[in-house]
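So the structure is just underneath, and the comments pick up after that.
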Amino acid sequence: MRPSAPLLRVRDLSITHADAVHPSPGDVSFDIRPGEVVLLLGPSGSGKSTLTLALNGLIPHAVPAAMTGSVEVGGLDTADTLTAALSTRVAMVFQDPDAQIVTGTVYDEVAFGPENLRLPLDEVHARTDDALRRVGLWERRGENPDRLSGGGRQRLAIACALAMGSPLIVLDEPTANLDPQGIDDVYAALTDVIAAGDRAILLVEHNLDAAMGFVTRTIVLDRAGRVAFDGPAAEVIRDHADDLLAMGVWLPAATLAAMRMRDAGVGIDELPLTPEELAAALAAATPPGPSAGRVASADDRRPASARPEPLIRARGLTVRRHRTEILHGIDLDVEPGTLTAVVGANGAGKTTLLQSLAGVVPPPRRQVAVDGVDPGTASPRELSNRIGFVFQNPEHQFIAHTVFDELAHGLRLRRTSDAEIAARVGSMLDRFGLEGKADVHPFLLSGGEKRRLSVGTALITRPRMLALDEPTFGQDRARAAELLALLHDLRDEGTTILIVTHDLQLVAEHASHTVILAEGRVHAAGRTADLFRDEAIFTTAGLRLPPLQRMLAATGWSLA
Amino acid sequence: MSASTFDPYASVVATSPRQFLYALNPLAKVAAVAPAMLTLIFVRDLATPAVFLALALLTLMVGARMTARTVGLLCGALPLGILAVGIGFSLWVDAELVADTPAVVQLGDWTLREGALVIGFATALRLGAIVALALIGGLTTTGPDLVRAGVQQLRVPYRVGYTALAAFRFVPRFGHELSVIRAAHRVRGHHGGSGPFARVARAWGYIVPLLAGAIRHAERVALAMDSRAFGAHPTRTERHLVPFRVRDTVFIVVGIAASAAILVLLHPWQL
Amino acid sequence: MASSPLLTTRVLLVCAAIGVATGILGGFAGLLTPGVIVLTPYLYGLVLGSHVLPGIIAQEVLRRPLVALVSHLIAAVISSAFNPAWSLRFIGTALLFGAIQEGVAALTRYRAWGAWRFFVSAAVIGVLVAVVVFFAVDLGAFPLWVQISYLVISVLGPIAWTAVGLGVGTSLSRAGVARR
Ligand SMILES: Nc1ncnc2c1ncn2[C@@H]1O[C@H](COP(=O)(O)OP(=O)(O)OP(=O)(O)O)[C@@H](O)[C@H]1O
Ligand SMILES: Nc1ncnc2c1ncn2[C@@H]1O[C@H](COP(=O)(O)OP(=O)(O)OP(=O)(O)O)[C@@H](O)[C@H]1O
Ligand SMILES: [Mg+2]
Ligand SMILES: [Mg+2]
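Residue numbers (our numbering), protein chains in the order written: chain A, 2 to 561; chain V, 17 to 287; chain W, 12 to 191.
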């Protein structure tokens with residue numbers, strides 16, 4: 002292979018899934034050369050994942066989809082070379098670390114690929130050792146991968162990709178499931194990988210803040226799956242920020258913040274991509290007018306004096322699972338009408354807390370009161386009159402065979418009349434944009450529709466409280482924004498909302514109150530705006546303020 | 017069955033040199049006892065299964081590590097099980113078949129006769145002996161080693177073997193998923209009643225979400241394995257060898273010879 | 012090199028998933044076994060019949076050669092890891108049930124997938140199971156009514172479980188899982 006030859010050559014590529022009408026992606030052409038780090042952006046459903054699957058021949062060989070155009074990897078046409086043979090030229094890292102692990106120890110896992118290639122034993126060992134050292138897992142080579150953190154398992158997946166010896170590594174949302182520490186771990190490993198300059202990376206990523214520092218080029222797919230922009234990352238994002246926003250693509254938090262400030266009248270010339278650039282831009286910005294500059298957070302406007310009776314009250318809540326104590330004496334009040342976020346590192350006990358408060362897993366008696374009942378003793382029906390619970394994976398909670406029955410289920414259990422069921426379900430369908438889907442099987446909805454349906458089923462009995470476990474996980478900006486808008490509407494109608502999330506940016510922008518958990522205890526709780534003023538509260542809980550918040554806290558700006 | 021404590025990859029190793037069972041090929045441990053197990057199905061006396069049971073227990077005591085769990089299984093659960101099955105089966109035996117044997121228990125006009133006890137305990141000992149023989153391999157072999165031996169000696173295609181290894185990883189995941197589904201359905205108020213039928217109806221509701229999630233997860237794992245050259249060649253480099261050595265042949269020969277000797281000496285068939 | 016194998020990795024792993032999931036559900040049934048043997052031995056066929064599930068669901072979902080056998084084998088390996096005492100029984104029933112289900116499907120050249128085909132396999136399995144267990148628990152010594160109800164239940168057990176498996180398969184296709 003000539004040194005200047007592209008590692009990857011994609012020409013007029015269109016892919017149509019077995020039961021899809023339009024191709025996504027459609028008519029895509031680009032090359033990738035050694036040393037490039039390419040960020041692939043696009044709204045949900047634009048075909049990013051589909052495109053990555055075509056790069057090592059999984060499409061058309063393993064996934065049923067019609068493909069036209071050509072993909073050439075290191076001189077091999079993927080249409081007539083099997084994925085196994087292409088694996089030495091393109092290595093893949095997928096989103097879910099659990100779905101990539103096959104064997105019982107970290108070492109076996111990395112060796113799995115080289116063994117499949119029938120390499121001699123010495124070579125297998127050499128590659129495995131090298132890959133493990135490069136991602137910093139050498140010390141843990143004998144362990145079961147289950148014991149690694151999410152970030153550790155994703156680093157393991159990167160080591161596995163490295164051990165294949167391929168010059169091009171393709172990563173599809175490798176950090177979507179991780180807490181801040183895990184994300185840092187993954188990017189540290191990747192930065193190390195490209196340092197040598199002989200490899201190239203194609204990265205699909207929603208979290209642009211982490212990626213911005215290290216990509217060299219951006220390809221943006223539009224909603225129809227065509228290449229909208231292709232060029233140096235900074236240039237594409239700066240020049241087309243408004244188009245990207247309209248498409249529903251995530252942008253760096255600093256860019257989004259600057260765009261909002263600009264709309265509010267702050268004079269910012271060149272859009273910043275990183276918090277540092279934003280800080281610099283603000284320092285140079287035209288001083289804000291009295292109303293536009295320090296925009297107060299929505300909740301600071303509410304009078305803090307009148308403290309209503311809490312809707313949820315926990316006293317000394319202690320929860321065990323399999324004889325280990327997970328929550329140690331939690332004291333917590335949640336006031337009605339708030340949007341309270343529960344945050345914490347992986348394993349801090351967020352899910353356990355939420356499930357105990359909502360009675361999903363009944364807590365010990367007399368430790369929790371929700372709207373006057375004890376979830377430790379109340380019947381599921383009493384509870385679901387008061388709390389709607391939305392599970393992380395909507396499919397887990399679907400019971401019926403049609404969307405209509407799914408929504409009607411809670412009402413039928415309460416012996417509501419058929420006429421009223423029809424009316425309430427109908428209005429719920431309208432509200433969540435599911436009008437045409439009443440007779441569809443819930444499993445056949447798109448991801449965003451499933452999420453809305455699960456919120457709808459939780460709300461149909463009109464509970465005063467809605468609890469959601471990581472609802473924006475794995476969604477694009479447009480869908481996440483849609484959900485958040487919905488939550489704000491509900492809150493305005495008086496519903497109290499409790500939400501578990503890893504996304505501190507979301508917390509900063511949307512939550513009125515925040516509870517920080519660390520190792521099964523309440524580390525801090527209070528108004529979001531107050532907590533975000535002190536970075537130390539977060540770092541001591543193993544969290545990190547989003548870079549943007551750190552910068553804003555340092556410079557004294559805040560956002561609406 | 018607790019999915020969270022289940023680690024099929026945890027290696028089992030001998031802690032002292034006399035524990036020879038761990039060093040044997042998994043297939044040898046099966047081959048040595050399988051003829052005896054099959055024959056046991058067809059014997060009817062008390063002595064033969066008792067001897068096999070004793071022999072199997074002795075082999076385990078010497079050749080396997082005696083953890084609290086193993087001792088509990090071999091000296092607690094197994095004898096109790098045999099006792100329960102023995103008594104249970106004696107109650108079922110056709111009274112006319114044993115009418116000419118002396119009565120052991122008399123309650124009103126119901127009698128438990130010695131013949132019934134003999135038949136019941138013959139069955140119980142037979143099942144006990146079969147279980148004990150199976151435990152010789154079962155307690156001293158890991159699932160992954162059994163799979164590897166299948167691939168290396170029985171020529172099971174390695175793609176099937178490694179699929180089984182990957183499947184071990186599914187167990188805790190699906191177990192957890194099932195518990196989440198159950199909690200989710202409970203919250204939805206899908207809780208109607210507590211009788212056996214309500215329970216079955218509820219379990220039915222778990223099956224589709226569980227299997228749908230399971231199959232999607234499997235499809236993702238398959239993509240990841242394909243991407244790492246799984247199945248690229250007819251064979252693959254093996255770092256973990258599960259060799260078949262002279263000692264394995266010896267173990268099989270001794271096992272079969274011992275079984276034959278016992279059967280010849282006791283001659284358990286009622287011809 | 013450019014031809015794909017008879018069983019793709021995807022098919023193999025879907026079989027594994029079906030094996031493990033039915034194995035977990037079957038694990039609860041497995042816990043019942045000792046109790047059933049002691050209290051109501053003639054119902055044993057109903058319990059043993061549940062072992063037809065992996066093959067039925069795999070065939071109904073995937074409709075390909077060898078998927079029943081592979082699903083059975085994986086279910087057996089997984090159950091054995093939990094319950095070593097029954098490992099040979101698990102592997103034995105897996106090979107036997109898998110072979111019968113494959114055999115019946117092969118006779119129709121993997122073209123006919125009507126419900127009747129699954130019930131034929133179930134009946135064959137029922138008869139074989141009845142004979143083996145007859146000897147294992149010495150049914151000859153039991154009263155005639157026990158023997159007869161035992162034989163009937165042994166044949167009906169796999170048939171009932173086959174109906175359950177078909178129901179699961181239909182629900183899965185309605186939910187759009189694992190399109191063939
Ligand atoms: N297995 C499949 N069968 C049928 N259609 C599919 C399949 N996978 C994806 N699609 C469809 O193909 C289109 C592209 O999907 P793809 O997953 O590639 O999008 P994406 O850009 O990766 O989105 P996201 O940001 O949500 O991951 C979508 O319309 C999607 O519904
Ligand atoms: N059923 C269980 N059995 C044993 N341990 C459990 C169980 N559920 C949770 N744990 C443990 O309890 C701790 C808290 O778990 P939890 O799921 O509440 O954390 P989390 O904060 O939601 O984490 P994540 O961010 O990863 O979702 C973890 O260490 C976890 O391993
Ligand atoms: Mg995607
Ligand atoms: Mg959680």
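A virtual CB, placed ideally from N, CA and C, is assigned to each residue, including glycine.
message: Please return the same chain residues whose Cβ sits closer than 7 Å to the Cβ of V179/W, not counting the five positions on each side in sequence.
response: Locating residue 179/W in the third sequence gives position 168, where the first residue counts as 1. Correct list, in chain order: I68.
query: Does any CB atom of chain V fall closer than 9 Å to the CB of G34/W?
result: On the third sequence, residue 34/W is found 23 positions in, with the first residue counted as 1. It does; some Cβ of chain V falls within 9 Å.
field: First through last residue of the alpha helix (DSSP H) which encompasses E383/A
entry: Here residue 383/A corresponds to residue number 382 of the first sequence, with the count starting at 1. P381 to R387 is the extent of the alpha helix (DSSP H) around E383/A.
- request: Give the range of the beta strand (DSSP E) segment to which E326/A is assigned.
  value: Start at 1 with the first residue of the first sequence, and residue 326/A comes out as number 325. Start and end: T325 to V335.
- prompt: Shorter than 9 Å from the beta carbon of F68/V to some beta carbon of chain W?
  reply: The residue labelled residue 68/V in the question sits at position 52 within the second sequence. Against chain W, the CB of F68/V has no partner CB under 9 Å away; the residue lies outside that interface.
field: Candidates Q96/A, L191/A and I422/A, of which the one nearest L133/A by Cα
entry: Residue mapping note: residue 133/A aligns to position 132 of the first sequence, counting from 1. Among Q96/A, L191/A and I422/A, the Cα nearest to that of L133/A is on L191/A.
field: Contacting residues, own chain, Cβ-Cβ under 7 Å from G290/A (five flanking each side not counted)
entry: Sequence index remark: in the first sequence, residue 290/A carries index 289 (1-based). Caution is warranted here: a pLDDT of 48 is assigned to G290/A, below 50, making its placement in the model unreliable, and the coordinate value is therefore given only provisionally. Excluding the 5 residues flanking it on each side, G290/A has same chain C-beta neighbours closer than 7 Å at G266, in chain order.
field: Residues near V135/W by beta carbon distance below 6 Å, same chain, minus five either side
entry: For the purposes of this step, residue 135/W is taken as residue 124 along the third sequence, with counting starting at 1. For V135/W, where only same-chain residues beyond five positions count, the Cβ hits under 6 Å are I111.
- prompt: Is E174/A near ligand 3, with its Cβ less than 8 Å from a heavy atom?
  reply: As a working mapping, residue 174/A is identified with position 173 in the first sequence. Under cutoff, so the answer is yes.
query: Of all the options G103/W, T51/W and L36/W, which has the alpha carbon lying nearest to the alpha carbon of L150/W?
result: To locate residue 150/W, count along the third sequence from 1; it is residue 139. Comparing Cα-Cα distances from L150/W to each of G103/W, T51/W and L36/W, the minimum goes to T51/W.
task: Using only alpha-carbon positions, find the residue among Y121/W, T119/W, W124/W and S82/W that is nearest to L106/W.
output: The sequence position of residue 106/W within the third sequence is 95, counting from 1. Comparing Cα positions, the closest option is S82/W.
task: Please work out which residues of its chain come closer than 8 Å, Cβ to Cβ, to T541/A, disregarding the five sequence neighbours upstream and downstream, and give them in chain order.
output: Working through the first sequence from its first residue, we reach residue 541/A at position 540. Same-chain partners within the cutoff: A519 and H524.
query: Between K49/A and ligand 4, is the CB less than 8 Å from at least one heavy atom?
result: Here residue 49/A refers to the residue found at position 48 of the first sequence. For K49/A, the shortest C-beta to heavy atom distance toward ligand 4 is 8 Å or greater.
- prompt: Which value, in whole angstroms, describes the spacing of the CA atoms of I146/V and A111/V?
  reply: If you number the second sequence from 1, residue 146/V lands on position 130. If you number the second sequence from 1, residue 111/V lands on position 95. Distance between I146/V and A111/V, taken at the CA atoms: about 27 Å.
Length of the line joining the Cα atoms of G229/V and I400/A: Position 213 of the second sequence, counted from the first residue, corresponds to residue 229/V. Position 399 of the first sequence, counted from the first residue, corresponds to residue 400/A. Distance between the alpha carbons of G229/V and I400/A: 14 Å.
message: Measuring straight from C-alpha to C-alpha, what distance separates V224/V and L162/W?
response: Indexing the second sequence from 1 puts residue 224/V at position 208. Indexing the third sequence from 1 puts residue 162/W at position 151. Cα to Cα, V224/V sits roughly 32 Å from L162/W.
message: Between L340/A, R141/A, S455/A and R415/A, which has its C-alpha nearest L430/A's C-alpha?
response: Here residue 430/A refers to the residue found at position 429 when the first sequence is read from its first residue. Distance check between L430/A and each of L340/A, R141/A, S455/A and R415/A places S455/A closest, using alpha-carbon atoms only.
message: With distance defined between alpha-carbon atoms, name the residue in A234/A, E407/A and G105/A nearest to R141/A.
response: Within the first sequence, the letter at position 140 stands for residue 141/A. Checked all of A234/A, E407/A and G105/A; the closest Cα to R141/A is G105/A.
- prompt: Does the beta carbon of E116/A sit closer than 9 Å to a beta carbon anywhere in chain V?
  reply: Numbered from its first residue, the first sequence carries residue 116/A at position 115. Output row for E116/A: interface = yes.
message: Is T341/A close to ligand 4? I mean its beta-carbon at under 8 Å from any heavy atom of the ligand.
response: Here residue 341/A refers to the residue found at position 340 when the first sequence is read from its first residue. If you check the C-beta of T341/A against ligand 4, you find no heavy atom less than 8 Å away.
query: DSSP state of I152/V, grouped into three classes?
result: The sequence position of residue 152/V within the second sequence is 136, counting from 1. In this structure, I152/V counts as helix in the three-state DSSP scheme.
task: At 8 Å on the CB atoms, spell out the chain W contacts of L155/V, in chain order.
output: Residue numbering aside, residue 155/V sits at position 139 when the second sequence is read from its first letter. Neighbourhood of L155/V in chain W, by CB distance below 8 Å: P95, in chain order.
query: Nearest chain A C-beta to A123/W closer than 9 Å, yes or no?
result: Translated into positions along the third sequence, residue 123/W becomes position 112. Against chain A, the CB of A123/W has no partner CB under 9 Å away; the residue lies outside that interface.
field: Beta-carbon contacts of L460/A that lie in its chain and below 6 Å, excluding the five residues immediately before and after
entry: Against the first sequence, residue 460/A aligns to sequence position 459. The residues G389, in chain order, have a CB closer than 6 Å to that of L460/A in the same chain once the five nearest residues on each side in sequence are set aside.
- request: Within the same chain, show all residues whose beta-carbon is closer than 6 Å to that of L287/V, passing over the 5 residues directly before and after it, in chain order.
  value: Stepping through the second sequence from its first residue, residue 287/V is reached at position 271. Residue placement at L287/V cannot be trusted, given a pLDDT of 47 that sits under 50; what the coordinates show is reported in the next sentence. Cβ neighbours of L287/V beyond the five flanking positions: none.
query: Taking three-plus beta-carbon pairs below 8 Å as touching, is the segment 109 to 129 of chain V in contact with the segment 70 to 81 of chain W?
result: The segment 109 to 129 of chain V is not in contact with the segment 70 to 81 of chain W.
field: Every unbroken alpha helix (DSSP H) within the segment 61 to 132 of chain W, with a cutoff of 4 residues, ordered by chain
entry: Positions of the alpha helix (DSSP H) runs, each at least 4 residues long and wholly inside the segment 61 to 132 of chain W, are given as 64 to 73, 78 to 93 and 98 to 118 in order along the chain.
task: Kindly say whether R215/V, judged by its beta-carbon, lies nearer than 9 Å to any beta-carbon of chain A.
output: Taking the first residue of the second sequence as 1, we reach residue 215/V at position 199. By this cut-off, R215/V is not an interface position.
field: Whether R252/V touches E278/A by CB criterion (9 Å)
entry: Taking the first residue of the second sequence as 1, we reach residue 252/V at position 236. Taking the first residue of the first sequence as 1, we reach residue 278/A at position 277. Contact: no.
query: Helix or strand or just coil, what does DSSP make of S160/W?
result: As a first step, residue 160/W is located in the third sequence; it is residue number 149 there, counting from the start. Reduced to three states, the DSSP call for S160/W is helix.
query: Given 8 Å as the limit, is there contact between the segment 160 to 176 of chain V and the segment 188 to 204 of chain V, that is, 3 or more CB pairs closer than that?
result: Using a Cβ-Cβ distance cut-off of 8 Å, the segment 160 to 176 of chain V and the segment 188 to 204 of chain V are not in contact, since fewer than three pairs of beta carbons, one from each stretch, lie closer than that value.
query: How long is the line joining the alpha carbons of H578/A and L485/A, rounded to whole angstroms?
result: Shown here, chain A extends from 2 to 561; a query on residue 578/A therefore has no answer.
message: For a minimum of 3 consecutive residues, which ranges assigned as the beta strand (DSSP E) are wholly contained in the segment 168 to 214 of chain A?
response: Restricted to the segment 168 to 214 of chain A, the beta strand (DSSP E) segments that are unbroken, complete and at least 3 residues in length are 169 to 173 and 201 to 205, listed in chain order.
Chain-order list of residues whose beta-carbon lies under 7 Å from that of M12/W (same chain, five-residue window excluded): Counted from its first residue, the third sequence places residue 12/W at position 1. Its pLDDT being 40, under 50, M12/W is placed unreliably by the model, and nothing is read from it.
- prompt: Which first and last residues belong to the alpha helix (DSSP H) in which H410/A is found?
  reply: Start at 1 with the first residue of the first sequence, and residue 410/A comes out as number 409. Annotation: the continuous alpha helix (DSSP H) that includes H410/A extends over V404 to L414.
- prompt: In the segment 194 to 208 of chain V, which residues sit with their C-beta less than 7 Å from some C-beta in chain A, listed in chain order?
  reply: Within the segment 194 to 208 of chain V, the residues whose Cβ lies closer than 7 Å to some Cβ of chain A are V196, I197, A199, A200, H201, R202, V203, R204, G205, H206 and H207, listed in chain order.
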